[in-house]
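Peer 1: Sharing a structure with you now.
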Amino acid sequence: MFTRIGKVTALAAVGVFATAAPAFAHDDEGATEETQVAQGRDAQHDGTDGHLLPVDENVDLVSKLELSNVEPGGIADVAVLGDHAYLAAFGRSVCENTGVHVVDISDIGNPREVGFVRAPEGSFPGEGVQVVSIDTPGFTGDVLLTNNEICSPDSGFGGINLYDVTDPLQPQPLAVGFGDADDPTNPQMSAHQTHSVFGWDAGDKAYAVLVDNQESANVDIVDITDPRTPVLIAEHDLAALFPEILQPGQGLDQVLLHDMVVKEINERFVMLASYWDAGYVQLDVTDPANPVNLADSDFAEPDPEALESGFRVPPEGNAHQAEFTADNAFVIGADEDFNPYAVTARNDTDGTELDAAPGSSEGTRLEPGETISGQAVFVGRACPGDPAVPTGGEGTQIAVAERGVCEFTAKVAAVEAAGGYEAVLVFNREGPDGCNLPAGMAVEGNIPTFGVAPRDQGFAIFNAPYDDAACRAGDGSAVAPIAVGTAGDTLTFSSYFDGWGYVRLFDATDMTELDTYAIPEAHDPRFARGFGDLSVHEVAVSQESSGLAYLSYYSGGLRVIEVSPGEIREVGAFIDEGGNNFWGVETFVADGVEYAAVSDRDFGLYILRYTPAP
Numbered sequence: 003m004f005t006r007i008g009k010v011t012a013l014a015a016v017g018v019f020a021t022a023a024p025a026f027a028h029d030d031e032g033a034t035e036e037t038q039v040a041q042g043r044d045a046q047h048d049g050t051d052g053h054l055l056p057v058d059e060n061v062d063l064v065s066k067l068e069l070s071n072v073e074p075g076g077i078a079d080v081a082v083l084g085d086h087a088y089l090a091a092f093g094r095s096v097c098e099n100t101g102v103h104v105v106d107i108s109d110i111g112n113p114r115e116v117g118f119v120r121a122p123e124g125s126f127p128g129e130g131v132q133v134v135s136i137d138t139p140g141f142t143g144d145v146l147l148t149n150n151e152i153c154s155p156d157s158g159f160g161g162i163n164l165y166d167v168t169d170p171l172q173p174q175p176l177a178v179g180f181g182d183a184d185d186p187t188n189p190q191m192s193a194h195q196t197h198s199v200f201g202w203d204a205g206d207k208a209y210a211v212l213v214d215n216q217e218s219a220n221v222d223i224v225d226i227t228d229p230r231t232p233v234l235i236a237e238h239d240l241a242a243l244f245p246e247i248l249q250p251g252q253g254l255d256q257v258l259l260h261d262m263v264v265k266e267i268n269e270r271f272v273m274l275a276s277y278w279d280a281g282y283v284q285l286d287v288t289d290p291a292n293p294v295n296l297a298d299s300d301f302a303e304p305d306p307e308a309l310e311s312g313f314r315v316p317p318e319g320n321a322h323q324a325e326f327t328a329d330n331a332f333v334i335g336a337d338e339d340f341n342p343y344a345v346t347a348r349n350d351t352d353g354t355e356l357d358a359a360p361g362s363s364e365g366t367r368l369e370p371g372e373t374i375s376g377q378a379v380f381v382g383r384a385c386p387g388d389p390a391v392p393t394g395g396e397g398t399q400i401a402v403a404e405r406g407v408c409e410f411t412a413k414v415a416a417v418e419a420a421g422g423y424e425a426v427l428v429f430n431r432e433g434p435d436g437c438n439l440p441a442g443m444a445v446e447g448n449i450p451t452f453g454v455a456p457r458d459q460g461f462a463i464f465n466a467p468y469d470d471a472a473c474r475a476g477d478g479s480a481v482a483p484i485a486v487g488t489a490g491d492t493l494t495f496s497s498y499f500d501g502w503g504y505v506r507l508f509d510a511t512d513m514t515e516l517d518t519y520a521i522p523e524a525h526d527p528r529f530a531r532g533f534g535d536l537s538v539h540e541v542a543v544s545q546e547s548s549g550l551a552y553l554s555y556y557s558g559g560l561r562v563i564e565v566s567p568g569e570i571r572e573v574g575a576f577i578d579e580g581g582n583n584f585w586g587v588e589t590f591v592a593d594g595v596e597y598a599a600v601s602d603r604d605f606g607l608y609i610l611r612y613t614p615a616p
């Protein structure tokens, strides 16, 4: 899952970030059928609503464990080392009980929760949970690495956390809230939020790479040779360093690091960076301060998986997470797309595109093929206590609201109560994590809602001057200098179905795309709503077989695939009774048998085993 957007223009590569993103997950402040299946959304584990039917094709359920204090959608990444699994407690919506669950899996059939590593107050982990063994002159032992994103700006830390888990029952903090800090006098509170982290032992040295959420130099590399005293040694903007990774002119302009792994291949350390709309990028990071571009992937036009399903749409990008196969011959990439509808948004008056995606709830989406067009009217923040939203023009106008103070759902409710609007567009607030940082939104309502658009685009709708430096210097309290009720430009939004996220297979030598794979429902419009989220999230390759990999597929459950030159083939599948909502997956071997540890967002830990038919 993911929460930020980087924007690259034709003239310059300018990465920008926020707290949620249009095509991918993480609900924000609100900012984040011939079916044989029952209808509903995000209703896992409670009857038959909102998920696909159970399946257990060549996959055995070995055990499962419901973790403590799990809020809906509250479990994130999973890592395994030795006899213990570590699962992130996301908890961002309530900002409570965030951290990492520690589970004893020494008895595979009977896992037990044995500890909890609490995140810094006001912070939460998500994508970045990893345990790595390091042996350097500065430290020998097992280190748990976690990312910090912030759910309470008054207290939360950014950066990463490092814990000594050599004894998993007695985790010891080594460094907390370390990252790219803006204020050296307050480094933890000013450390940039970090979406993910990955560490590796490089012999006498050890390193970690961080996803920096807040600037275009988003590949931050830290020396953790002594994890008690980490040192930031490099910050890289891959779009600026290696512009050849970009695909200009195709709408693939959300360019940023989302996730990464580092693997020693042929006596050099190779980073496989999932760089969203720039694709999957291989870098030689043997010298982390001076990376070398080895190869990168491109997104084909038209989208190949959609074309195979019988419809033609442009590529969406969304390189989310990837791994090398065990023999390093292939790369398997997981393109997360949390929204099966794509939207074109346009300011018709000045002829510019708007960076705004549809809100996530069913009631606020356009139907496929539907178009809405109308004159914009500024309605302020549309929050309780603010100036009232003026009545619209009998369903012919589009309310434009400013992000901030209240949840997106409250803004939509205020617009609906005023009446006369056919849609809502939200643009970003001021502040270092706002301004020209587009973001998606989780919002409930009964009229189509789009956002979060960059602030300069919102200002341009009403011909208001915009100063980005002044905006980023703000504290989020100032409102746009536009009078409530001001009429602006004509806006048009059009929707079409383009499917959920899916899997790609590449030749690791040059990153040529060889094949794609999706579950059958992913490109069937009948499954666009009502069955949970049918996007791939992560891939974990087999440690035993060079041609095998496991996919966590949200409501699509676990899928096992076999790869060969030019082909991906599904060989196993698992969805539990009542459905699943699988986020993370990691393979591990115990007593000579390979298992997949899978994190269910609404439940906890599953341990599964692939059992191929004889």
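For the working numbering, add 2 to where a residue sits in the sequence shown, where the first one is 1.
Glycine included, every Cβ here is placed at the ideal spot set by N, Cα and C.
Identify the continuous beta strand (DSSP E) that holds residue 411 and give its terminal residues.
Peer 2: Element bounds for residue 411: not the beta strand (DSSP E) but the alpha helix (DSSP H), 410-420.
Peer 1: Answer yes or no: do residue 500 and residue 369 have a C-beta to C-beta separation smaller than 8 Å?
Peer 2: Against a cut-off of 8 Å, the Cβ pair of residue 369 and residue 500 comes out as no contact.
Peer 1: If I measure Cβ to Cβ from residue 94 and keep anything under 6 Å in the same chain, skipping five residues before and after, which residues do I get?
Peer 2: Closer than 6 Å at Cβ, skipping near neighbours: 126, 153.
Peer 1: One question on the structure: do residue 585 and residue 339 come within less than 8 Å of each other, judged by their Cβ atoms?
Peer 2: Result no, Cβ atoms of residue 585 and residue 339 do not sit closer than 8 Å.
Peer 1: With distances taken between CB atoms, is the gap from residue 253 to residue 316 smaller than 8 Å?
Peer 2: The answer is yes: Cβ separation under 8 Å.
Peer 1: So, under 8 Å CB-CB, residue 555 and residue 538 are touching, yes? Tell me the CB distance rounded to an integer number of Å.
Peer 2: At roughly 5 Å, the Cβ-Cβ gap stays under 8 Å, so residue 555 and residue 538 are in contact.
Peer 1: Please classify residue 563 as buried or exposed, where buried requires at least 16 neighbouring CB atoms within 10 angstroms.
Peer 2: Answer is buried; the Cβ neighbour count reaches 16.
Peer 1: Since residue 348 sits in a beta bridge, which residues does DSSP pair it with?
Peer 2: Answer by DSSP bridge pairing, in chain order: 355, 494.
Peer 1: Alpha carbons only, please: which of 256, 275, 69 is nearest the one belonging to residue 265?
Peer 2: The residue with the shortest Cα to Cα distance from residue 265 is 275.
Peer 1: Buried or exposed, going by whether 16 or more other CB atoms sit within 10 Å of the CB of residue 334?
Peer 2: Buried: at least 16 other Cβ atoms inside 10 Å.
Peer 1: Considering only their Cβ atoms, is the gap separating residue 150 from residue 122 smaller than 8 Å?
Peer 2: Yes. Within cutoff.
Peer 1: In whole angstroms, what separates the C-alpha of residue 116 from that of residue 606?
Peer 2: So the two alpha carbons sit approximately 14 Å from each other.
Peer 1: Residue 62 lies in the beta strand (DSSP E); which residues open and close that run?
Peer 2: Its beta strand (DSSP E) spans residues 61-68.
Peer 1: Using CA coordinates, which residue listed in 425, 429, 463, 438 is at the minimum distance from residue 447?
Peer 2: Selected option, being the one with the closest Cα: 425.
Peer 1: Using a Cβ-Cβ cut-off of 6 Å (strictly less than) and excluding sequence neighbours within five positions of residue 208, which residues of its own chain qualify?
Peer 2: Around residue 208: 136, 138, 226, 227.
Peer 1: Helix, strand or coil, according to DSSP, for residue 539 in the structure here?
Peer 2: DSSP places residue 539 in coil when its eight states are reduced to three.
Peer 1: Is DSSP giving residue 474 helix, strand or coil here?
Peer 2: Residue 474: helix per DSSP, three-state reduction.
Peer 1: In three-state terms, what does DSSP make of residue 86?
Peer 2: Three-state DSSP puts residue 86 in a strand.
Peer 1: Below 8 Å on the Cβ atoms is my guess for residue 196 versus residue 223; work out the distance and round it to an integer in Å.
Peer 2: Contact flag wrong, Cβ pair sits at about 12 Å.
Peer 1: Would you mind working out which of 280, 261, 257, 288 sits nearest residue 272, comparing C-alpha positions?
Peer 2: Considering only alpha carbons, the answer is 288.
Peer 1: Closest to residue 324 by CA distance: which of 104, 347, 311, 260 is it?
Peer 2: Nearest of 104, 347, 311, 260 to residue 324, Cα basis: 260.
Peer 1: Can you round the beta-carbon distance between residue 484 and residue 380 to whole angstroms, since I take them to be within the 8 Å contact cut?
Peer 2: Yes, they are in contact, since the Cβ atoms of residue 484 and residue 380 sit about 5 Å apart, within 8 Å.
Peer 1: Going straight from the alpha carbon of residue 390 to that of residue 384, what length do you get?
Peer 2: Spanning the two alpha carbons is a distance of roughly 7 Å.
Peer 1: Assuming residue 424 is part of the beta strand (DSSP E), what are its boundary residues?
Peer 2: 423-429 is the span of the beta strand (DSSP E), which, as asked, contains residue 424.
Peer 1: What's the call for residue 1, buried or exposed, on a 16-neighbour Cβ count within 10 Å?
Peer 2: The chain is shown only over 3 to 616; residue 1 falls outside these bounds and no answer can be derived.
Peer 1: Out of curiosity, what's the CA-to-CA distance linking residue 26 and residue 55?
Peer 2: Reliability of the predicted coordinates at residue 26 is poor, the pLDDT of 35 falling under 50, and the value obtained from them is presented with this limitation in mind. Distance between the alpha carbons of residue 26 and residue 55 is about 24 Å.
Peer 1: DSSP three-state label for residue 191, please.
Peer 2: Three-state DSSP puts residue 191 in a helix.
Peer 1: Can you tell me whether DSSP reads residue 460 as helix, strand or coil?
Peer 2: In the structure shown, residue 460 sits in a helix (DSSP, three-state: H, G or I).
Peer 1: Would you mind sorting residue 91 into buried or exposed? The rule is 16 or more other CB atoms within 10 Å of its CB.
Peer 2: Label assigned to residue 91: buried.
Peer 1: Look at the alpha carbon of residue 532 and the alpha carbon of residue 523, and state the distance between them as a whole number of angstroms.
Peer 2: The alpha-carbon atoms of residue 532 and residue 523 are separated by roughly 12 Å.
Peer 1: Between which two residues does the beta strand (DSSP E) containing residue 368 stretch?
Peer 2: First-last for residue 368: undefined, no H or E at that position.
Peer 1: Would you say residue 328 lies against chain D (beta-carbon separation less than 8 Å)?
Peer 2: Absence of chain D from the displayed structure is noted, only one protein chain being present.
Peer 1: Thinking C-beta only, is residue 348 closer than 8 Å to residue 494?
Peer 2: In contact: residue 494 and residue 348 (Cβ atoms closer than 8 Å).
Peer 1: To test your reading of the DSSP string, which unbroken alpha helix (DSSP H) runs of 4 or more residues are found completely within the segment 288-353?
Peer 2: With a minimum length of 4 residues, the continuous alpha helix (DSSP H) runs that stay inside the segment 288-353 are 306-310.
Peer 1: Distance check for residue 353 and residue 459, CA to CA, integer angstroms please.
Peer 2: If you take the alpha carbons of residue 459 and residue 353, they lie about 12 Å apart.
Peer 1: Could you compute how far the alpha carbon of residue 144 sits from the alpha carbon of residue 203?
Peer 2: Cα-Cα distance, rounded: 11 Å.
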